[in-house]
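Visitor:
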Amino acid sequence: MPKDVRFDHVAVAVHSVEGALPLFRDLLGGVFREEGNEPRYRWYQLQFPGGVVELLEPRGLDDFLHRFLAQHGEGLHHLTFTVKNLREWADRLRAAGHRVVGENYSDPNWQEVFLHPRGAHGVLIQLAETLEPLE
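Just remember that this note's numbering sits 10 ahead of the position in the sequence shown, which is counted from 1.
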């Protein structure tokens, strides 16, 4: 297994974070980790002994989460792995014939690329590089 890849979190698209908390927090025992508001969505992370679940709630007008929820309903949105040398990973994925989308290197704290689900067994995969060191 490559040492420069670490599982980070699973993201679940929901209509409402508050509507999902009775299951993920109250019944399953997830502990609040952090949250944030982006122009297009709200995210809310819960820590579990085996990992992190991130709830994604759409904001504003029609956008990617609105479309995702309309087409697929609530459920798994993406898996996130953190890596070292994100640009090299993007090149490696392309060289292996995968479709890399959504490349964003503008924020040194969180750079990301996505692997299109059609080439990833139906799962949107996010690779991110952060200033936080991999363990």
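Cβ atoms here follow ideal geometry from the backbone N, Cα and C, with glycine treated the same way.
Note that the structure is predicted; figures quoted are calculated from it, not measured.
With a threshold of 6 Å on Cβ separation, who are the neighbours of Val200 within its own chain once the five nearest residues in sequence on each side are excluded?
Guide: It is not possible to answer for residue 200, since the shown part of the chain is limited to 11 through 145.
Visitor: Should His25 and Glu113 be called a contact, given that it needs their Cβ atoms to be closer than 8 Å?
Guide: The answer is no: Cβ separation not under 8 Å.
Visitor: Tell me whether the region 63-81 and the region 42-54 touch, counting them as touching only if at least three CB pairs, one residue from each stretch, are closer than 8 Å.
Guide: Taking 8 Å as the limit for Cβ pairs, the verdict is that the region 42-54 does touch the region 63-81.
Visitor: Only counting the same chain, and skipping five residues up and downstream in sequence, which positions put a Cβ closer than 8 Å to that of Val154?
Guide: There is no way to answer for residue 154, as the model of the chain reaches only from 11 to 145.
Visitor: Tell me the rounded alpha-carbon separation between Phe34 and Leu134.
Guide: Going from the Cα of Phe34 to the Cα of Leu134 covers about 21 Å.
Visitor: Which one of Pro59, Val41 and Asn95 has the shortest CA to CA distance from Arg65?
Guide: Note that residue 65 corresponds to Leu in the displayed sequence, not to Arg. Considering only alpha carbons, the answer is Val41.
Visitor: Identify the continuous beta strand (DSSP E) that holds Asp18 and give its terminal residues.
Guide: Where Asp18 is concerned, the enclosing beta strand (DSSP E) stretches over Val15 to Ala23.
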